[in-house]
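Please read the structure below before turning to the comments.
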Amino acid sequence: MIDKIMDLRKEGLSFRKIAKRLDTTVGRVQYQWTKYSKEKESVQNNKRKSKPVTVMISSDSNSAASDLKREEPSHNGNMMAADSLLMDRLTLILMSSDRALASWYLTPATLRAAEIFWKGSGFYQLAIRMQDITGILYNGTNAVYSVDLIAPKRDTYMDISGLKPNRSYLAELGLLFENGTFVPLIKSYPLQMPRMDTSHCGYLAPDIERWKLGKDQMPNWIEHVSTYSYYEKDRK
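Just so we're aligned: 84 in UniProt numbering is position 84 of the sequence shown, and the numbers increase by one with no gaps anywhere.
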């Protein structure tokens, strides 16, 4: 199954489209891909550790120092394509009118860097912070409402329920310390929940009209997310 998933990812298909093409669930596709990524990374790390270092001593008398060269493990085209997908990411997928699936991959390097920087801050757990960013210019600290959800230790996905209709949400993955401090590492793109009532339709029309007339600097969209956040933007 992972071979088919890899081929479809090379074609640029999302996990949702891959699941539909293979007649399976998004969660299963995410699980297979994450499992493959971790196994491949482990194999690559072992290869790098076992690869001998070749020292080349220059015989040129004009050379100021010896040239040290290390043989790098070779990669074929398929492995290089898979390596490019091993990056920090956090994705929100709409599952129903009040549920979403959060899936993520956090590279060991990113987690290790965060642990070193926040060393001495105490015990932490990996957590998802769900932010309600409806109708605001979100800058990382001004969410309408937020809730912290402890991430599972073994899985890299989480089923999130209790979301409200016609609201816009954004998820952040980070370190949650005992004192309540949350350190975001990566964030998702905004997720707009569906409208469940006809009264919700067109409620932004007056705001957009004010913007057209020059009365407001920007229209009141469903959400505004600053691109100058203090943490890295997630890439799909």
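Glycine included, every Cβ here is placed at the ideal spot set by N, Cα and C. Predicted model only: the values in this text are computed from it and were never measured.
CA-CA distance, residue i and residue j?
i	j	result
D148	Y169	13 Å
S103	K215	40 Å
Y138	R112	28 Å
V29	R89	16 Å
P152	A127	8 Å
R129	K212	35 Å
T91	S121	28 Å
N142	E39	39 Å
M158	R9	22 Å
Can you give me the Cβ contacts of residue i inside the same chain, cut-off strictly under 6 Å, excluding the 5 residues immediately before and after it?
i	result
E209	none
M95	L101
I150	Q125 and A127
K35	none
Return the chain-ordered list of same chain residues with a C-beta closer than 7 Å to the C-beta of residue i, the five sequence neighbours on each side being excluded.
i	result
V26	F15, R16, A19, I93 and L101
W118	L175 and V183
S161	D98 and R99
Answer yes or no: does any C-beta atom of chain C fall closer than 8 Å to that of residue i?
i	result
I128	Chain labels in this structure do not include chain C; a single protein chain is all it has.
Classify residue i as helix, strand or coil using the three-state DSSP reduction.
i	result
Y36	helix
F15	helix
P152	coil
V55	Bear in mind that the predicted position of V55 carries a pLDDT of just 42, short of 50, making it unreliable; the figure below should be weighed with that in mind. In the structure shown, V55 sits in a strand (DSSP, three-state: E or B).
A147	For clarity, residue 147 is Val in the given sequence; the question names Ala instead. Strand.
R28	helix
I133	coil
E172	strand
L213	coil
L8	helix
L111	helix
CB-CB under 8 Å to residue i, same chain, minus the five flanking residues each way: which ones, in chain order?
i	result
M196	S97, P165 and N166
Y145	Q131 and D132
residue 244	Outside the displayed span of the chain (1 to 236) sits residue 244, for which this structure offers no information.
E178	G122, F123 and Y124
Kindly identify the DSSP beta-bridge partner or partners of residue i.
i	result
D159	L101
D207	D207 is not bridged to any residue.
L90	W104
A127	I150 and G174
The ligand MG and residue i: does the residue's C-beta get closer than 7 Å to at least one heavy atom of that ligand?
i	result
A19	Looking at this structure, you won't find the ligand MG or any other ligand, since it has none at all.
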